Structure formats: C-alpha cells, structure tokens
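A short write-up of the structure that comes next.
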Amino acid sequence: TVRDDGAGLPADFRAGESDGLGLELIRTLVEEDLGGEFRLAANGDGGTTATVRLPLAAISVDRRLTYV
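The numbering of the sequence shown is the working numbering, which starts it at 1155 and goes up by one.
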C-alpha cells in the first residue's frame, strides 16, 4: 500500500476511462498478468491510496513476463 497527500483523485475518476496509460498499465499487469488486485481510493483529507495484492503463486521465479 502506498499513500500520498497530494490533490487526490477527481470525484468523477473512473479507472480505465482516462487518457493516461500509467494506472491502466499497472492494473493490467497486476490483475490480468499476475492474478492480483489493484485498488485506488481517495483519502478523506486529500491524497490517494494505492493497494496492490498479489497471490504467492505470482511471485514464482519460474514465471517470466515478456513485453514487446
């Protein structure tokens, strides 16, 4: 889990619906490639919390991911 104290997410933010690639790339890697969970939450006082949860099987040294 990572937290910051920046401006936070806009009220109308929807993952996968923005023009940016960063968060979508992380979500795809974590959820689709590694079988984990990626969650974003706005902190009540500003800022954002990002949580990544991975199954132990996804951390196997035998699994290699290749991107072109």
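Quick reminder that beta carbons are idealized off the backbone N, C-alpha and C, glycines included.
Fair warning: this is a prediction, and the values are worked out from it, not measured in the lab.
Residue environment analysis places Leu1175 among the exposed positions, since fewer than 16 neighbouring C-beta atoms fall within 10 angstroms of its C-beta. Between Thr1203 and Thr1155, the alpha-carbon positions lie close to 7 Å from each other. Secondary structure note for Glu1191: its beta strand (DSSP E) is the uninterrupted segment 1191–1196.
For Thr1155, the three-state secondary structure derived from DSSP is coil.
The residue among Gly1162, Asp1159, Phe1192 with its C-alpha nearest the C-alpha of Pro1209 is Phe1192. With a cutoff of 9 Å on beta-carbon distance, Asp1159 and Gly1189 are scored as not near each other.
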